[in-house]
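Under my numbering, the first residue of the sequence shown is numbered 9, with each subsequent residue one higher. What follows is one structure encoded as structure tokens, with my remarks underneath.
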Amino acid sequence: MHHFAYKNGSLHCEEVNLSDIAEAYGTPTFVYSKRTILEDLDEFKHAFAAIDAHIAFAVKACSNGAILQLMAQRGCGFDIVSGGELWRVIRAGGNPALCTYAGVAKTEPEIRYAISSGIYCFICESENELREIDRIAAEMGSVAPVAVRVNPNVDAHTHKYITTGTNENKFGIDISRIESLYADIATQMHHLRIRGLQMHIGSQLTEVTPFVMAVEKVAPIVARFKETYGIEFWSIGGGIGIVYDGCLDSGKKEWWDSHPEQITIKSYAKALIPLLKPLGLRILLEPGRRLVGNAAVMLTRCIYEKKGEAKTFKMIDAGMNDIIRPALYEGFHEIHPVREHPAGELIVADVVGPICESGDFQAQNRSLPDVKPGELLAEMSAGAYGFSMSSNYNSRPLAAEVLVDGSSFSLIRRRQTLESLVSDEVLPNS
Ligand SMILES: *Cc1c(COP(=O)(O)O)cnc(C)c1O
Numbered sequence: 009m010h011h012f013a014y015k016n017g018s019l020h021c022e023e024v025n026l027s028d029i030a031e032a033y034g035t036p037t038f039v040y041s042k043r044t045i046l047e048d049l050d051e052f053k054h055a056f057a058a059i060d061a062h063i064a065f066a067v068k069a070c071s072n073g074a075i076l077q078l079m080a081q082r083g084c085g086f087d088i089v090s091g092g093e094l095w096r097v098i099r100a101g102g103n104p105a106l107c108t109y110a111g112v113a114k115t116e117p118e119i120r121y122a123i124s125s126g127i128y129c130f131i132c133e134s135e136n137e138l139r140e141i142d143r144i145a146a147e148m149g150s151v152a153p154v155a156v157r158v159n160p161n162v163d164a165h166t167h168k169y170i171t172t173g174t175n176e177n178k179f180g181i182d183i184s185r186i187e188s189l190y191a192d193i194a195t196q197m198h199h200l201r202i203r204g205l206q207m208h209i210g211s212q213l214t215e216v217t218p219f220v221m222a223v224e225k226v227a228p229i230v231a232r233f234k235e236t237y238g239i240e241f242w243s244i245g246g247g248i249g250i251v252y253d254g255c256l257d258s259g260k261k262e263w264w265d266s267h268p269e270q271i272t273i274k275s276y277a278k279a280l281i282p283l284l285k286p287l288g289l290r291i292l293l294e295p296g297r298r299l300v301g302n303a304a305v306m307l308t309r310c311i312y313e314k315k316g317e318a319k320t321f322k323m324i325d326a327g328m329n330d331i332i333r334p335a336l337y338e339g340f341h342e343i344h345p346v347r348e349h350p351a352g353e354l355i356v357a358d359v360v361g362p363i364c365e366s367g368d369f370q371a372q373n374r375s376l377p378d379v380k381p382g383e384l385l386a387e388m389s390a391g392a393y394g395f396s397m398s399s400n401y402n403s404r405p406l407a408a409e410v411l412v413d414g415s416s417f418s419l420i421r422r423r424q425t426l427e428s429l430v431s432d433e434v435l436p437n438s
């Protein structure tokens with residue numbers, strides 16, 4: 009459940025009218041609901057109370073320092089995939105000793121930084137990476153905690169760009185080779201300490217079944233590793249899906265009652281706890297999208313409309329540089345006018361941005377109210393892989409970000425200035 013809803017004819021985030029935020033900070037602006045994030049954190053906590061489970065928030069989904077700080081203050085750990093993310097977490101007050109560091113191509117400076125910061129564990133994806141961390145740890149006179157990402161070869165039934173747990177992906181070590189690899193680590197890599205095992209089968213999974221299949225497949229190996237190497241944790245990754253199509257309605261309880269098939273934190277926990285509890289290990293959960301995805305919208309303004317031969321276009325002031333998901337993996341975002349329109353009067357249009365690419369659309373052939381130039385729109389479910397994937401393409405300054413807390417709101421990222429857009433560039437001959 010999230011806290012975006014129409015009140016008195018205008019779309020609100022919690023108790024704040026979104027048009028007030030647009031007036032204060034302009035568009036495009038990402039608007040996050042603190043209450044939504046905190047409630048979801050609580051839901052994880054309660055759903056997994058029966059086992060020793062900890063959250064390692066996947067920073068790549070949303071890396072704004074204010075959001076990381078919020079999670080750190082609630083005791084969350086973090087799943088990071090670069091030295092830059094580790095730096096952000098530490099800056100926001102996060103504890104490196106609660107950080108797992110994943111990713112297939114960690115560099116030597118990143119590995120050194122992570123060892124000297126005292127991270128909880130490296131999540132390794134290849135034998136050569138393990139040998140490199142072993143070598144670097146030896147040079148530093150240290151012993152690095154490691155876990156390997158096992159690829160359980162389970163199809164997550166999600167988009168091909170975000171499925172990661174089959175043997176055709178670049179991620180992890182095939183399940184058939186994991187035991188001999190752990191034996192090699194134990195006997196040959198003296199500056200590594202085997203601390204756990206990890207898996208992550210994909211993103212935006214909307215059913216529980218693939219998670220259950222993967223956990224069932226890997227659990228016996230985890231039990232053997234606990235016996236043999238004394239591992240202390242199993243990270244079962246992230247990947248819980250959110251509501252994109254139906255997002256606005258999913259802010260109401262009735263929507264959930266009529267969509268019992270949609271994965272929830274509760275149904276995920278209920279299916280997995282019986283399989284995890286007997287292991288008697290610390291379980292790490294790495295949700296990214298599920299914690300922040302439905303907790304934000306991107307506010308944008310309709311600039312022009314154009315009626316072509318075949319199509320109607322609504323041009324907005326946000327582009328694929330602000331939210332790349334539709335262009336990158338056919339991501340779907342609901343788009344609603346901030347001023348409530350009468351029910352039922354819909355047109356079909358493409359909602360497109362200012363970028364010089366045909367792929368620069370936020371919606372195609374979409375039924376929506378006939379919004380006019382000047383009107384504010386909210387692109388829903390924009391909290392995960394939204395701002396964090398944005399870029400300066402077409403020399404567009406990065407959007408602003410705002411955090412709503414009840415009836416107040418505060419800026420958590422200023423809109424980028426043109427000066428800062430070029431501040432790292434070097435002009436020769438000047
Ligand atoms: C991206 C990622 C996650 C988070 O995935 P979500 O689908 O956002 O929950 C978790 N773990 C790892 C290793 C990842 O790469």
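Just so you know, even glycine gets a beta-carbon here, dropped at the ideal spot from N, CA and C.
Check	Outcome
What three-state label does DSSP hand S275 in the structure shown?	helix
On the three-pair Cβ rule with 8 Å, is the segment 32-43 touching the segment 306-314?	yes
Would you say the beta carbon of K53 is closer than 8 Å to some non-hydrogen atom of ligand 1?	no
Could you tell me which residues DSSP pairs with V360 in its beta bridges?	M323 and F369
Which residue marks the beginning of the beta strand (DSSP E) containing S243, and which one marks its end?	F241 to S243
Output the boundary residues of the beta strand (DSSP E) element that contains D87.	G85 to I88
Within the same chain, show all residues whose beta-carbon is closer than 7 Å to that of P405, passing over the 5 residues directly before and after it, in chain order.	R423, Q424, T425, L426 and L429
Look at A61 and L299 and say whether their C-beta atoms are less than 9 Å apart.	no
Using a Cβ-based criterion (distance less than 8 Å to any ligand heavy atom), does V89 qualify as near ligand 1?	yes
Between L376 and I343, what straight-line distance do the alpha-carbon atoms span, to the nearest angstrom?	8 Å
What number of angstroms, rounded off, separates the C-alpha of Y276 from the C-alpha of K314?	45 Å
Is the beta carbon of Y121 closer than 9 Å to that of L94?	yes
Can you check DSSP and say which residues form a bridge with G204?	A155 and F241
Among S18, G245, C21 and D192, which one has its Cα closest to the Cα of G111?	G245
Can you tell me whether D330 is buried or exposed? The criterion is at least 16 other CB atoms within 10 Å of its CB, across all chains shown.	buried
Kindly list the residues whose CB is nearer than 6 Å to the CB of R297, restricted to its own chain and excluding five residues on each side of it in sequence; keep chain order.	A69, I250 and A392
Since Y109 sits in a beta bridge, which residues does DSSP pair it with?	I88 and F130
If we count the other Cβ atoms within 10 Å of its Cβ and call it buried at 16 or more, is V356 buried or exposed?	exposed
Report the option in H199, S258, T272 and I183 whose CA atom is closest to the CA atom of P228.	I183
Can you tell me whether DSSP reads Y14 as helix, strand or coil?	strand
Would you report the Cα separation of L419 and N136, rounded to the nearest angstrom?	44 Å
Which residues mark the beginning and the end of the beta strand (DSSP E) in which H344 is found?	I343 to P345
Under 8 Å by Cβ, that's how I've got G180 and E147 pegged, so tell me the actual separation to the nearest angstrom.	The Cβ separation is near 27 Å, so there is no contact.
Since D378 contacts F369 with CB under 8 Å, what's their CB separation in whole angstroms?	Incorrect: roughly 18 Å between the Cβ atoms, too far for contact.
Run the CB neighbour count on H54, radius 10 Å, all protein chains shown included, and call it buried at 16 or more, exposed below.	exposed
Among the residues of its own chain, which have a CB less than 8 Å from the CB of R232, if the five just before and after it don't count?	E187
Any heavy atom of ligand 1 closer than 8 Å to the CB of G208?	Per the sequence shown, residue 208 should be read as His rather than Gly. Yes - ligand 1 has a heavy atom lying nearer than 8 Å to the Cβ of H208.
Cβ of P282 within 8 Å of any heavy atom in ligand 1?	no
Skipping 5 residues on each side, what residues in its chain have a beta carbon closer than 7 Å to that of A390?	F38, A304, V305, M306, I331 and H341
Evaluate C364 with the Cβ neighbour count: other Cβ atoms within 10 Å of its Cβ, from every protein chain shown; 16 or more gives buried, anything less gives exposed.	exposed
Compare the Cα-Cα distances from M9 to each of F395, R333, H267 and D325 and report the closest residue.	H267
Report the rounded CA-to-CA distance for P282 versus F241, giving the unit in angstroms.	17 Å
Tell me where the beta strand (DSSP E) around V162 begins and ends.	Where V162 is concerned, there is no enclosing beta strand (DSSP E), given that its DSSP letter is neither H nor E.
Quick check on the DSSP output: the beta strand (DSSP E) that includes M388 runs from which residue to which?	That residue, M388, is in no beta strand (DSSP E); it is neither H nor E in DSSP.
So the candidates are V24, G92 and A58; which of them puts its Cα closest to the Cα of S71?	G92
So, for Y312: in the same chain, excluding its five sequence neighbours on each side, which residues have a beta-carbon less than 7 Å away from its beta-carbon?	M323 and P381
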